[in-house]
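Below: one structure, written as structure tokens.
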Amino acid sequence: MSGAVVVEAPGVHRLVPHEPREPGPGEALVRVHAAGICGSDREVYQGNRPEGYVRYPLTPGHEWSGTVARVGAGVPGSLVGRKVVGEGFRNCQVCDRCHAGETTLCTAGYEETGFTQPGAMAPTLTLPARLLHALPDDADLTAAALLEPAACIAAAALKANARPGERVAVVGTGTLGMFAVQFLRAASPAELLVVGTRGDREALSRQFGATDFRTKDRPLTDDFDVVIETAGSADAART
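Following the working numbering from start to finish, the sequence shown increments by one per residue and tops out at 239.
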């Protein structure tokens, strides 16, 4: 990509020349390799994202991978040349929520790469170096762009704490749903049901470890020990 994607307002976008922003103290400039397109990016473009959680105009892109090109003062020079991915939330690190490890509930206000701060749909991205996670030298950067959504589901699966022999279910058959199936399968459940809206997702669901698949219009059993909802809609939650 030679230019940056800018969403001027809901439904209005353009490709503009990109000028890298030099990293300031504590920052790093990353040469972007790949950026994913999330359902949240669609919300940004359609204008469906809640007020306060998007700031137009903006360059989207919060699922990404790349290589550190330059660093600012106070950042180890050894980071230059490293393959990296990055967290999106710009938490304050000093409030009670942050100290408790609940950084996504930071009370200092909402700031996130690709929503209120410039994102990765551009040749480079400059952001706080503390948000970066270095990868092995032989990491596949294209695949690594999906580590952000994978981490979200990994956190949910760990919190759900499914145990061997339990009955578990996943609602939603998108990227997050398929990640959830793989994580939950590792817990050796007695049953792993996937519920979706499209029957053509059954084969992939079973390939990743589902033992049963239902579209939401089919009767569903109850009394599951663990359910992870990945579709992010009120309708899916009611299912």
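Idealized CB from N, CA, C, for every residue including glycine.
With a cutoff of 8 angstroms on beta-carbon distance, ARG167 and VAL195 are scored as not near each other.
Leaving aside the five residues that flank GLY3 on each side, the residues in its chain whose CB is nearer than 6 angstroms to its CB run, in chain order, LEU15, VAL16, PRO17, HIS18. LEU193 is the residue among LEU193, PRO23, CYS106 whose C-alpha sits nearest the C-alpha of ASP222. Between LEU131 and GLU87, the beta carbon gap of about 4 angstroms places them in contact (Cβ cut-off 8 angstroms). When only Cα atoms are considered, PRO23 and GLY209 end up about 44 angstroms apart. For SER65, the enclosing beta strand (DSSP E) begins and ends at 64–71.
Of the candidates ARG21, GLY77, LEU204, the residue whose Cα lies closest to the Cα of GLY174 is LEU204.
Excluding sequence positions up to five before and after GLU202, its CB lies within less than 7 angstroms of the CB of PHE213, all in the same chain and listed in chain order.
For HIS99, the enclosing alpha helix (DSSP H) covers residues 96–99. For PHE115, there is no enclosing beta strand (DSSP E), as DSSP gives it neither H nor E.
Taken atom to atom, the span from the alpha-carbon of VAL94 to that of TYR53 is near 21 angstroms. In this structure, GLU229 sits away from VAL181, with a CB-CB distance that is not shorter than 8 angstroms. Scanning its chain for C-beta atoms nearer than 6 angstroms, with the 5 sequence neighbours on each side dropped, one finds around SER65 the residues HIS33, ALA34, VAL85, LEU141, ALA144, ALA145, in chain order.
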